[in-house]
Amino acid sequence: MNMIEISVIIINFNSSNYTIQCIDSIFKKTGKDIAFEIIVVDNKSETKDFEILKNYCVSLNHDKLHLYQNSENSGFGGGNMYGFEKAKGSYLAFVNNDILFKNDCLSILSNSLKQNHEIGVCAPTTYTSDGEILPTLDFYTSPLKVICGRKIYKYLRPKEFINRNLKLEKPTKGDFVSGSFMMLTYENFKKSGGFDTNIFLYHEETDLCKRLEKMNLSAVCEPKAECIHFHGASTPKSIKIKAELKRSLLYVIKKHYGNLYYFLIHFYILNSYLLKVIVKPKYFYLIKQLLRPISLNSSTKTD
0 MNMIEISVII INFNSSNYTI QCIDSIFKKT GKDIAFEIIV VDNKSETKDF EILKNYCVSL
60 NHDKLHLYQN SENSGFGGGN MYGFEKAKGS YLAFVNNDIL FKNDCLSILS NSLKQNHEIG
120 VCAPTTYTSD GEILPTLDFY TSPLKVICGR KIYKYLRPKE FINRNLKLEK PTKGDFVSGS
180 FMMLTYENFK KSGGFDTNIF LYHEETDLCK RLEKMNLSAV CEPKAECIHF HGASTPKSIK
240 IKAELKRSLL YVIKKHYGNL YYFLIHFYIL NSYLLKVIVK PKYFYLIKQL LRPISLNSST
300 KTD
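For what it's worth, numbering that gives the first Met the number 0 labels the leading residue of the sequence shown as 0, then goes sequentially.
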């Protein structure tokens, strides 16, 4: 019999202060009757940051807490797959290190999965540190959504549109859930193929949820579970991060919609930045990254 019910997987990259707060909130809010483990994967942080995290873990001396250091920064998908290989739980909770639990999220989300086997992945209601709702559900990244923009695209699918800034009253389906905090069964995650490690950062949840959908499994927000997300704390905005976002988007378009749509969207995005570079020279870097070909057999990581 598996003694661990839930494996929580957290990635740390040069943000040990957030990781420590996240771990503390999990221990504080999780019920004593839940058998869980926390697997922290350090994605090759700077020595000082890793040592702070290591000393914290040693000081806790908790048999539920395990710290591993990756040999390289393998991104969101690679880091989480590293943690998955160490996991012993029947359920997997992939939690960003800049998350704080507001209540017993592990119990609530795992109960949802136990009660409804048509749910492939579920996620909590997420708030900013100021108490505002952060979107949990959204439409897939698709060629039409990229070209139209979300504000127009939602009118093309009015029945599926959900006001993402309001608290949901019941478990609700969407195309995909935010990757900042998501829970699946170990079995379904493994059957789906897990995270695509060629995607370095962003759009991993779209890719995963599309594969779960092919298994007739849905993505659901469970509003009773609640957490705070210090959105973007571990990946502050920069032109490099923007390039990561666009390259991952193109990868997902190519993977799920084919070469024709990939070339169309690639042309559309590239030309939009060629116009912007006149007033914002920093976009030369982004254009350079967009000109690099996207291959389904190699990483989306920027130089």
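Even glycine gets a Cβ: it sits at the ideal position worked out from N, Cα and C.
Determine the closest residue to residue i out of the options, with distance taken between C-alpha atoms.
i: Leu99; options: Thr299, Ala224, Lys254; result: Ala224
i: Leu263; options: Phe12, Lys144, Val40; result: Lys144
i: Lys43; options: Thr301, Phe12, Asp32; result: Phe12
i: Cys21; options: Cys226, Tyr282, Leu274, Ser237; result: Cys226
i: Ser217; options: Val251, Asp174, Lys253; result: Asp174
i: Asp302; options: Asn296, Tyr284, Thr196; result: Tyr284
i: Gly159; options: Cys56, Phe180, Ser14, Leu136; result: Sequence check: residue 159 is Glu here, not Gly. Taking only the C-alpha atoms, the option nearest Glu159 is Leu136.
i: Ala122; options: Lys27, Phe180, Lys47, Ile37; result: Phe180
i: Ile198; options: Ile293, Ser24, Tyr261; result: Ile293
i: Met182; options: Leu91, Leu290, Tyr17; result: Leu91
i: Asp164; options: Lys172, Pro170, Lys189, Thr127; result: The identity of residue 164 in the sequence shown is Asn, whereas the question assumes Asp. Among Lys172, Pro170, Lys189, Thr127, the Cα nearest to that of Asn164 belongs to Thr127.
i: Ser24; options: Cys104, Leu66, Ser271, Leu274; result: Cys104
i: Pro170; options: Val219, Phe188, Asn270, Gly130; result: Val219
i: Ile38; options: His116, Thr140, Leu66; result: Leu66
i: Glu45; options: Ser73, Arg149, Pro157, Ser14; result: Ser14
i: Ile240; options: Asn16, Ile33, Phe75; result: Phe75
i: Ser73; options: Asp129, Ile10, Leu64, Gly130; result: Ile10
i: Lys189; options: Tyr272, Met214, Leu269; result: Met214
Ignore the nearest five residues each way along the sequence and tell me which others in residue i's own chain have a CB closer than 7 Å to its CB.
i: Lys166; result: Thr124, Ile132, Pro222
i: Ile146; result: Tyr267
i: His255; result: Lys209
i: Leu112; result: Tyr90, Ile118, Cys121, Met182, Thr184
Just checking residue i against the ligand COA - is the residue's beta carbon closer than 7 Å to any of the ligand's heavy atoms?
i: Val40; result: Questions concerning the ligand COA fall outside what the structure shown contains, since it holds no ligand whatsoever.
Alpha carbon to alpha carbon, what distance is there between residue j and residue i?
i: Ser109; j: His265; result: 39 Å
i: Phe35; j: Pro280; result: 49 Å
i: Ser106; j: Lys31; result: 10 Å
i: Gly257; j: Tyr250; result: 10 Å
i: Ile286; j: Ser89; result: 43 Å
i: Lys53; j: Phe83; result: 20 Å
i: Gln68; j: Val57; result: 14 Å
i: Lys47; j: Ile19; result: 14 Å
i: Ile161; j: Asn60; result: 44 Å
i: Glu304; j: Lys85; result: Limits of the chain in this structure are 0 at one end and 302 at the other, which puts residue 304 out of reach.
i: Thr299; j: Glu186; result: 27 Å
i: Lys172; j: Ile277; result: 42 Å
i: Glu243; j: Ile33; result: 37 Å
i: Arg156; j: Leu274; result: 30 Å
i: Lys150; j: Leu269; result: 21 Å
i: Gly178; j: Glu204; result: 5 Å
Using the beta-carbon count (16 or more within 10 Å), is residue i buried or exposed?
i: Lys209; result: buried
i: Ser70; result: exposed
i: Gln114; result: exposed
i: Tyr154; result: exposed
i: Asp62; result: exposed
i: Asp206; result: buried
i: Ser237; result: exposed
i: Arg246; result: buried
i: Leu290; result: exposed
i: Gly77; result: buried
i: Leu211; result: buried
i: Asn79; result: buried
i: Leu200; result: buried
i: His202; result: buried
Roughly how far, in whole angstroms, is the beta-carbon of residue i from the beta-carbon of residue j, given that I think they are within contact range, below 8 Å?
i: Lys87; j: Ser191; result: Not confirmed; about 19 Å, so no contact.
i: Phe194; j: Asp97; result: Actually they do not touch by this definition, with Cβ atoms about 19 Å apart.
i: Val120; j: Val176; result: 6 Å
i: Asn102; j: Lys27; result: Wrong, their Cβ atoms sit about 10 Å apart, outside the cutoff.
i: Val40; j: Ile3; result: Going by Cβ atoms, the distance from Val40 to Ile3 rounds to 17 Å, so no, they are not a contact pair.
For residue i, which residues of its own chain have a beta-carbon under 8 Å away from its beta-carbon, when the five flanking residues on both sides are left out?
i: Met0; result: Note on Met0: pLDDT 42, under 50, position unreliable in the model; the coordinate value appears next. Correct list: empty, nothing qualifies.
i: Leu295; result: Asn197, Tyr250, Lys253, Lys254
i: Tyr261; result: Leu249, Ile252, Lys253, Ile293
i: Ser297; result: Asn197
i: Gln288; result: Ala242, Lys245, Arg246, Thr301, Asp302
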